[in-house]
Amino acid sequence: MLDSRLSAVADLVRSGTRFADVGTDHAYLPAFLLMGGKIEYAVCSDLRKGPLKNAEETVKKYGVSDKVDLRLSDGLDAYSDGEVNEIAIAGMGGLLISEFIERTEWLRNDDIHLIMQPMTHAEDLRKTLYENGFYINKEIAVKDGDKLYIILSAYFGGISETRTVSECVIGEIYKNTDSVSKEYLESILKKYIVKYEMLKKAGKDYHETESIVKELRQCLK
Ligand SMILES: C[S@@+](CC[C@H](N)C(=O)[O-])C[C@H]1O[C@@H](n2cnc3c(N)ncnc32)[C@H](O)[C@@H]1O
350 MLDSRLSAVA DLVRSGTRFA DVGTDHAYLP AFLLMGGKIE YAVCSDLRKG PLKNAEETVK
410 KYGVSDKVDL RLSDGLDAYS DGEVNEIAIA GMGGLLISEF IERTEWLRND DIHLIMQPMT
470 HAEDLRKTLY ENGFYINKEI AVKDGDKLYI ILSAYFGGIS ETRTVSECVI GEIYKNTDSV
530 SKEYLESILK KYIVKYEMLK KAGKDYHETE SIVKELRQCL K
């Protein structure tokens, strides 16, 4: 029922939590978790009515409608403090996820677990998390076909940190020893090598990019 990307997100969900799936679309993730009994209740929200209709169809099909609250919400705006403590935000850009985190004050609570799968700008999302007092306890790289995805697991620790650009690009993934994590870092390295060469050729400042390349190479040794 779930592809490897959403399966990896599901694996990170703590059992028995009050679960929210933000930007749910088809609601496959909450339906899977409810059917498996990992959670007993889920709020499935989306910005648009069309995706919520998809969600409604899925939860009906799998017989879990009575355990689901389908809700129109921009990010976490239509949630209230204390309602959920396990939050998945998958399949959206890292900048959009960052906006949700910045403007949702009640997320600053150590009981809340955030599981995020940014499609882009993971480095900006890490920066937002670090600066807003969250710590990333785990990152997982997943491969589905020829596509690589990154998943971040984070909690609020209350210590705001300013990390270097390299630290935000590399995150915590360098701690992993599996081959997909290595492949993920290699793909990021390739991207920064291209950027470095373009900046150098254009006569622009390439020093920050050069240091990111160096640190990524160091991680891959
Ligand atoms: C690509 S789908 C991801 C669906 C599912 N979470 C997954 O990972 O497979 C992105 C979903 O996010 C929703 N979305 C986009 N902007 C949003 C926002 N500001 N607040 C809530 N949902 C949003 C879209 O309507 C869409 O249903």
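Here our numbering is used: the first residue of the sequence shown is 350, the next is one more, and so on. Positions of the beta carbon are idealized from the N, C-alpha and C atoms, including for glycine. All figures in this text were calculated on a predicted structure; none of them were measured in a lab.
Check	Outcome
In whole angstroms, what separates the C-alpha of A380 from that of V413?	7 Å
Applying the 10 Å Cβ sphere with the 16-neighbour rule, what's the burial state of V417?	buried
Roughly how many whole angstroms lie between the Cα atoms of Q466 and E389?	23 Å
Considering only the beta carbon of each residue, do D493 and S353 sit closer than 8 Å?	yes
Taking 7 Å as the cut-off, does the CB of R397 come closer than this to any heavy atom belonging to ligand 1?	yes
Kindly list the residues whose CB is nearer than 7 Å to the CB of L419, restricted to its own chain and excluding five residues on each side of it in sequence; keep chain order.	C393, L401, A404, E405
Mind pulling the alpha helix (DSSP H) runs of 4 or more residues that sit fully within the segment 443 to 480?	443 to 452, 471 to 480
Per the DSSP calculation, E435 is bridged to which residue(s)?	F368, H462
Identify, in the order they occur along the chain, each residue of the same chain with its Cβ nearer than 6 Å to the Cβ of R367, setting aside the five sequence neighbours on each side.	V433, N434
Could you spell out the range, first to last residue, of the alpha helix (DSSP H) harbouring L538?	528 to 550
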